[in-house]
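Accompanying notes for the structure given below.
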Amino acid sequence: MGSNNYENQLIKVAQYLRMSTEHQQYSLHNQATFIKNYADKHNMVITHTYDDAGKSGVTISGRQALQQLLNDVIYHNIEIQAVLVYDVSRFGRFQDIDEAGYYSYLFKMNGVDVIFCAEHIPTKEHPLEAMLMLSIKRAGAADLSKNLSDKVYAGQVNLIKRGYHQGGLAGYGLRRQLIDEKHNPKEILPFGKRKSIQTDRVILIPGPKNERKIVNEIFDMFIFNNMPEFIIANRLNERGIKAENGKSWTRAKIHQILTNEKYIGNSIYNKTSYKLKQKFIRNPESEWVRCNKAFKPIVSEKKFLLAKNIILARSSHLTNEQLLEHLQKKLNEKGKLSGFIIDEDDQGPSSSVYRNRFGGLLRAYEIIGYKPEHDYSYIKINKELREYYHDAIEQVVKNIAIFNNTVDNQSQYPLLLVNEDIGISLIISRCKKLKSGKLRWKIRFENSLNPDISIVIRMDSTNHHPVDYYIFPSLDFVFEKIILSENNPFHLELYRFDSLDNFYHMIERTSIQEAV
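1 is the number of the first residue of the sequence shown in UniProt numbering; add one for each residue after it.
Here's what the structure looks like:
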């Protein structure tokens, strides 16, 4: 908002800095220098600095500094009269300009102006004109992000269609080969290393002979020996064979090999979308971008299609009657039922299918006349939550892997280690109903695991489905336990999300340079 007419005294202000991956014009140092000059000219003293380095401006998610600044102003943790920001785009490139206005309004309602130092907006002199100018500038900031996103996407599509590999790990049995602009091979990129020259490109090539042999053995065990994925993983682990980067084999890693077309030389892009941090979606196959025969295959197409057909047949749509028949058969075989027993059978539907179709495992049990041994509701709830926890872990691991990450959920279980760097603790919070009818959620943090991020899944009043998610960075949250209610303070709501889509995109491993 333009210059404020502060005179005769030094006005206490805070400065907010943000830099993503844009031009050096927006470096934190340059922003701070400009803001300091502005403050000196307008009788202001900067008492607090909040900076979000390397953060996208299209959403408030992940911008801990801006969230903390809002929290400090709303709860009067600091005494300031204004927040200085370099320009409108540094405050945010929100795709809904009302969102930018909302955050500015929160500051204003608490007696704090937001001043965009590099803009010439006559806030005090012509407020209506200022509102119009701000709306135009916010729309321009949002449009720039959209145009940049479209250009990056177009660049990635172009490179995929030309047969180049776009980000992510090579995968077991494959390697990333760096080539120059004339397609001359340069070096094999080790784990974690990226190309440094803009004109260089990356392709996938077959890896060591022993790894290629194991990949084909995985397909053979699955196709010809009828071994489910978790059995194959166990066999390889028993033989002392390590997966990618020396890790143990898991069911998810085996399944990824059996279903990824890169093993037959095809490169596929845009199977999922998360543009401008909007909702994560799985795109229909018609929207996939593919380049067939982009790389040299290490598995025959015949083997791959056989495995694909087995998986498709295994997961074909079953009617409610067929699901209940399978459940009854499983009960007759085992004498009891649980989510673990159901999920042991790789050839049948998972426990999550029953939860989604019938509203919970207990409901499916009731339909076939099965009564668990314990009648106490809290025991049933705890049991279901334990079962759900494993489903949740598996789903989180699967979704993290979609975004080109590696996940180790064995060596430090229950801590998930992402990319050998980020420790994630997953917590299921049971809903407890008080005598008054009010709902409460008690959360105990796994501080002994020293996680970098704690994800809390808050369950609904039936404890069958998640209500929402709280994502707490360890640097921001050091409590051992907290209690949530249906309505919580703003400083807690800053960490609440309706889904984990923002989290998955936040930790995505990608390289903008490879797309331009």
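Beta carbons are placed, not taken as given, at the ideal position from N, Cα and C, and that holds for glycine. Given the structure is predicted, the values throughout are model-derived calculations rather than measurements.
Three-way DSSP call (helix, strand, coil) for F472 in this model:
The answer is strand: DSSP assigns F472 an E or B state.
Go through the stretch 178–233 residue by residue and report every complete run of the alpha helix (DSSP H) that reaches 4 residues or more, in order.
The stretch 178–233 contains, as complete alpha helix (DSSP H) runs of 4+ residues, the segments 209–223 (chain order).
Run of the alpha helix (DSSP H) containing Q166, from where it starts to where it stops
Here Q166 belongs to no alpha helix (DSSP H), and DSSP marks it neither H nor E.
From G240 to W249, what distance separates their C-alpha atoms?
Distance between the alpha carbons of G240 and W249: 10 Å.
Leaving out five residues on either side along the sequence, give the residues of the same chain with a beta carbon under 6 Å from the beta carbon of D408.
Annotation for D408: K247 and L417 place their beta carbon closer than 6 Å to its own, counting only its chain and skipping 5 residues before and after.
Identity of the residue in L484, M459, N488 and Y102 nearest S499 by Cα
Here the closest residue by C-alpha is M459.
Have a look at the DSSP bridge pairing and note the partners of F116.
Paired residue(s): V85.
Opening and closing residue of the beta strand (DSSP E) in which Y50 lies:
Per DSSP, the continuous beta strand (DSSP E) segment holding Y50 begins and ends at M44 to A53.
Which of the three DSSP states, helix, strand or coil, is assigned to G240?
The DSSP-derived three-state label of G240 is coil.
Tell me which residue opens and which closes the alpha helix (DSSP H) that Y365 is part of.
Note, Y365: alpha helix (DSSP H), L361 to I367.
Find out if the Cβ-Cβ distance for the pair H42, A14 is shorter than 7 Å.
No. Outside cutoff.
Under 7 Å between the Cβ atoms of Y269 and V299?
Against a cut-off of 7 Å, the Cβ pair of V299 and Y269 comes out as no contact.
DSSP three-state assignment for I428, whether helix, strand or coil:
Strand, per DSSP.
How big is the Cα-Cα spacing for S461 and L494?
When rounded, the distance between both Cα atoms is 22 Å.
Buried or exposed: where does N485 fall if 16 or more other Cβ atoms within 10 Å of its Cβ makes it buried?
The residue asked about is misnamed: residue 485 is Ser in this sequence, not Asn. With fewer than 16 neighbouring CB atoms inside 10 Å of its own CB, S485 falls in the exposed class.
DSSP beta-bridge partners of D452
As DSSP reads the structure, D452 sits in no beta bridge.
Inspect the beta-carbon positions of V73 and F116 and report whether they are closer than 7 Å.
No, these two residues do not count as a Cβ contact at 7 Å.
Report the rounded CA-to-CA distance for P414 versus E508, giving the unit in angstroms.
Each residue's alpha carbon lies about 21 Å from the other.
How many Å lie between E366 and V83 at the Cα?
Cα-Cα distance, rounded: 59 Å.
Quick one: Cα of R93 to Cα of N502, how far?
Near 16 Å, if we compare the C-alpha coordinates of N502 and R93.
Buried or exposed: which applies to E287, given that a residue is buried once 16 or more other Cβ atoms fall within 10 Å of its Cβ?
Exposed is the call here.
Have a look at the DSSP bridge pairing and note the partners of W441.
Looking at the DSSP assignment, W441 forms a beta bridge with C431 and L484.
What is the residue span of the alpha helix (DSSP H) that Y504 lies within?
Where Y504 is concerned, the enclosing alpha helix (DSSP H) stretches over D501 to M506.
Per DSSP, which residues does Q256 bridge with? Please list them.
BP columns for Q256 are empty, so no partner.
If you reduce the DSSP assignment to three classes, tell me which class residue 556 lands in.
Residue 556 is absent from the model: the chain starts at 1 and stops at 516.
Does DSSP put Q15 in a helix, in a strand, or in coil?
The DSSP-derived three-state label of Q15 is strand.
Using the beta-carbon count (16 or more within 10 Å), is Y75 buried or exposed?
Within 10 angstroms of the beta-carbon of Y75 lie fewer than 16 other beta-carbons, which makes it exposed.
If you draw a straight line from the alpha carbon of T33 to that of L475, how long is it in whole angstroms?
Going by the C-alpha atoms only, they are around 28 Å apart.
Is I342 helix, strand or coil by DSSP?
Helix at I342.
Would you mind reading off the limits of the alpha helix (DSSP H) that contains L492?
Note, L492: alpha helix (DSSP H), F490 to E493.
Taking the C-alpha atoms as reference points, what is the distance between L318 and Q256?
Cα-Cα distance, rounded: 24 Å.
Assess, as a yes-or-no matter, whether the stretch 305–313 is touched by the stretch 216–223 under the definition of 3 or more beta carbon pairs within less than 8 Å.
Contact holds: three or more Cβ-Cβ distances are below 8 Å.
Would A233 pass as a contact of S267 if the rule is Cβ separation under 7 Å?
No. Outside cutoff.
For Y354, which residues from the same chain have a beta carbon less than 6 Å from its beta carbon, with the 5 sequence-adjacent residues on both sides left out?
Same-chain partners within the cutoff: L361 and A364.
If the criterion is Cβ atoms closer than 7 Å, does the pair I203 and Q166 meet it?
Contact: no.
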